[in-house]
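Enquirer: First the structure, then my questions, so here it is.
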Amino acid sequence: MSIPQNRVFSGVQPTGNLHLGNYLGAITRFVELQKDFECIYCVVDLHAITVWQDPDTLSANTREVTAAFIASGIDPEKHIIFNQSRVPAHAELAWIFNCVARMGWLNRMTQFKEKAGKHRENASVGLFSYPNLMAADILAYRATHVPVGEDQKQHLELTRDIAQKFNTDFADSISKNGFGDGYFPLTEPLIQGTATRVMSLRDGSAKMSKSEASDYSRINLTDDADTIALKIRKARTDAEPLPSEMKGLEGRTEAENLVRIFAALGDRDLDDVLGEYGGSQFSTFKQALADLAVARLAPITEEMQRLCADPGHIDAVLSNGAARANAIAAPVLADIKQIMGLLHD
Ligand code: AQP
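Per our numbering, residue 1038 is the first one in the sequence shown, and the count goes up by one each step.
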């Protein structure tokens, strides 16, 4: 089996509070890539359980992320949408990568440090080895490209290190088994657009995040129009009017964040937005931003609600997607076992 040339894989955790950062940093990219790539989009429930999840909430959140994918425009017929735990290759390959990746590599991962915080000794082993599972997610499909927000850049670099080390460690066997110079591709991250790191509405130095305690820090995909408008009105800014050029936003992180959100939601250049709103007060700009956010998000929220009212349909989408994902990943795993000398059927 030769390495595919244009296969995209990416995932979103079903941990609730799906927000504007997930939408602009990841989901809108997923939608765009459908025209040029074969796309595999995964609700990564095995990643979610690296932190304890209530079982009923986990399944509801898995359906909600699936609904968000479909409502945003991902076509589950032409492409693949499934939940990770349904395809055994992810967990199996993750174990193999636990044996390829080095402790030193994982010790450098900033997301683990941030998430484990002061409670490192109490964090699950899964939270520590999370990047190996992410590498397995991607490489089980030999994906060539992965659209992600900027926060995932370091994990993508680790995926490339794992692929490279596997290709080197088993170079002779890879070649002997007819797979040429290397079995895994060195996957490219796709970190594109004006909103690759959407910041909290309350603190311009922190990324918008599902786990931030204050709901006012983020716009959730389930928020209604009034809530969106209220959160934008309350968003932290400074006292100056908006500048006409990007350099006028230097050191004004909260203002820059709102401008970037506006540009991304309106599919416009940053310069174009500042050309229109330069000199305006935030009261004017926030009103325009709220109108734009509602116009863009309300149809998605409405469609998510409609889809979530029919869980049977969502489950059928996930089950069908998993069967198609498994048909790609299972032969990859068989190749890996062959290369490594693990006897298999
Ligand atoms: N603030 C963000 N700006 C741009 N992209 C973002 N992503 C997340 N936050 C932002 C991107 O969304 C995708 C799915 O993320 P995830 O659900 O796998 O987990 P995460 O990155 O850990 O998201 P959160 O919201 O920050 O969750 P918590 O609070 O649990 O850590 C990824 O492509 C991510 O880059």
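Heads up, the beta-carbon is just placed ideally off N, CA and C, and yes, glycines get one too.
Three or more beta-carbon pairs under 8 Å between the segment 1248-1256 and the segment 1288-1296, yes or no?
Expert: no
Enquirer: Which of helix, strand or coil does DSSP assign to Ile-1118?
Expert: Locating residue 1118 in the sequence shown gives position 81, counting from the first residue. Of the three classes helix, strand and coil, the one that applies to Ile-1118 here is strand, per DSSP.
Enquirer: Leaving out five residues before and five after Lys-1152 in sequence, what residues of the same chain have Cβ atoms less than 7 Å from its Cβ?
Expert: Numbered from 1 along the sequence shown, position 115 holds the residue referred to as residue 1152. So the qualifying residues of the chain are Leu-1164.
Enquirer: List the endpoints of the continuous beta strand (DSSP E) containing His-1350.
Expert: By 1-based counting over the sequence shown, the position of residue 1350 is 313. Premise fails: His-1350 lies in the alpha helix (DSSP H), 1348-1377, not in any beta strand (DSSP E).
Enquirer: Just the C-alpha distance for Ala-1063 and Arg-1234, rounded to the nearest angstrom, thanks.
Expert: As a position in the sequence shown, residue 1063 is number 26, starting the count at 1. As a position in the sequence shown, residue 1234 is number 197, starting the count at 1. Their Cα atoms are separated by approximately 10 Å.
Enquirer: Over what stretch of residues does the beta strand (DSSP E) that includes His-1182 continue unbroken?
Expert: Position 145 of the sequence shown holds residue 1182. 1182-1184 is the span of the beta strand (DSSP E), which, as asked, contains His-1182.
Enquirer: With DSSP run on the structure shown, which of helix, strand or coil describes Asn-1054?
Expert: Position 17 of the sequence shown holds residue 1054. Here Asn-1054 sits in coil by DSSP.
Enquirer: Looking at the secondary structure, which residues open and close the alpha helix (DSSP H) in which Val-1045 lies?
Expert: For the purposes of this step, residue 1045 is taken as residue 8 along the sequence shown, with counting starting at 1. Per DSSP, Val-1045 belongs to no alpha helix (DSSP H); it is in the beta strand (DSSP E), 1044-1049.
Enquirer: In terms of alpha-carbon separation, which member of Thr-1338, Ile-1133 and Leu-1227 lies closest to Asp-1188?
Expert: In the sequence shown, counting from the first residue as 1, residue 1188 sits at position 151. Nearest to Asp-1188 by alpha-carbon distance, out of Thr-1338, Ile-1133 and Leu-1227, is Leu-1227.
Enquirer: Have a look at Gly-1215 and Thr-1065 and give me their C-alpha separation to the nearest angstrom.
Expert: Here residue 1215 corresponds to residue number 178 of the sequence shown, with the count starting at 1. Here residue 1065 corresponds to residue number 28 of the sequence shown, with the count starting at 1. So the two alpha carbons sit approximately 38 Å from each other.
Enquirer: If you run the structure through DSSP and keep just helix, strand and coil, what is Tyr-1178?
Expert: Sequence index remark: in the sequence shown, residue 1178 carries index 141 (1-based). Coil.
Enquirer: Look at the Cβ atom of Met-1283, then the Cβ atom of Leu-1307, and state whether they are nearer than 8 Å.
Expert: Taking the first residue of the sequence shown as 1, we reach residue 1283 at position 246. Taking the first residue of the sequence shown as 1, we reach residue 1307 at position 270. Yes, the Cβ-Cβ distance between Met-1283 and Leu-1307 is below 8 Å.
Enquirer: For the 8 Å Cβ check, are there 3 or more pairs between the segment 1326-1340 and the segment 1082-1091?
Expert: no
Enquirer: Can Leu-1061 be considered in contact with the ligand AQP, in the sense that its beta carbon sits closer than 7 Å to one or more heavy atoms?
Expert: The residue you call residue 1061 lines up with position 24 of the sequence shown. Correct: Leu-1061 has its Cβ closer than 7 Å to the ligand AQP.
Enquirer: Tell me Cys-1079's beta-bridge partners as DSSP assigns them.
Expert: As a working mapping, residue 1079 is identified with position 42 in the sequence shown. Looking at the DSSP assignment, Cys-1079 forms a beta bridge with Gly-1048 and Phe-1119.
Enquirer: Considering only their Cβ atoms, is the gap separating Ala-1208 from Val-1369 smaller than 8 Å?
Expert: Locating residue 1369 in the sequence shown gives position 332, counting from the first residue. Locating residue 1208 in the sequence shown gives position 171, counting from the first residue. The Cβ-Cβ distance between Val-1369 and Ala-1208 does not fall below 8 Å.
Enquirer: Considering only the beta carbon of each residue, do Val-1124 and Cys-1076 sit closer than 8 Å?
Expert: As a working note, residue 1124 is residue 87 in the sequence shown. As a working note, residue 1076 is residue 39 in the sequence shown. No, Cβ-Cβ distance for Val-1124 and Cys-1076 is not below 8 Å.
Enquirer: Have a look at Lys-1323 and Asn-1054 and give me their C-alpha separation to the nearest angstrom.
Expert: Taking the first residue of the sequence shown as 1, we reach residue 1323 at position 286. Taking the first residue of the sequence shown as 1, we reach residue 1054 at position 17. Approximately 22 Å between the Cα atoms of the pair.
Enquirer: Given the structure, does Met-1456 come close to the ligand AQP, in the sense that its CB is under 7 Å from one of the ligand's heavy atoms?
Expert: Residue 1456 lies beyond the stretch modelled for the chain, which goes from 1038 to 1382, so this question has no answer here.
Enquirer: Nearest to Ser-1096 by alpha carbon, out of Gly-1358, His-1056 and Gly-1349?
Expert: What you label residue 1096 is simply residue 59 of the sequence shown in a count that begins at 1. Comparing Cα positions, the closest option is Gly-1349.
Enquirer: Just list the alpha helix (DSSP H) runs in the segment 1244-1327, keeping only unbroken ones of 4 residues or longer that don't cross its boundaries, in chain order.
Expert: Those alpha helix (DSSP H) runs which fall completely within the segment 1244-1327 and span 4+ residues are 1262-1271, 1290-1302 and 1307-1314.
Enquirer: So what's Pro-1226 in DSSP terms, helix, strand or just coil?
Expert: On the sequence shown, residue 1226 is found 189 positions in, with the first residue counted as 1. In this structure, Pro-1226 counts as strand in the three-state DSSP scheme.
Enquirer: What residue range is occupied by the uninterrupted alpha helix (DSSP H) comprising Ala-1108?
Expert: Looking up residue 1108 in the sequence shown gives position 71. Note, Ala-1108: alpha helix (DSSP H), 1092-1109.
Enquirer: Give me the Cα-Cα distance between Tyr-1220 and Glu-1101, rounded to the nearest whole angstrom.
Expert: Reading the sequence shown from its first residue, position 183 is the one you call residue 1220. Reading the sequence shown from its first residue, position 64 is the one you call residue 1101. Straight-line Cα distance between these residues: approximately 35 Å.
Enquirer: How about Phe-1119 and Ala-1362: are their beta carbons less than 8 Å apart?
Expert: As a working mapping, residue 1119 is identified with position 82 in the sequence shown. As a working mapping, residue 1362 is identified with position 325 in the sequence shown. Result yes, Cβ atoms of Phe-1119 and Ala-1362 sit closer than 8 Å.
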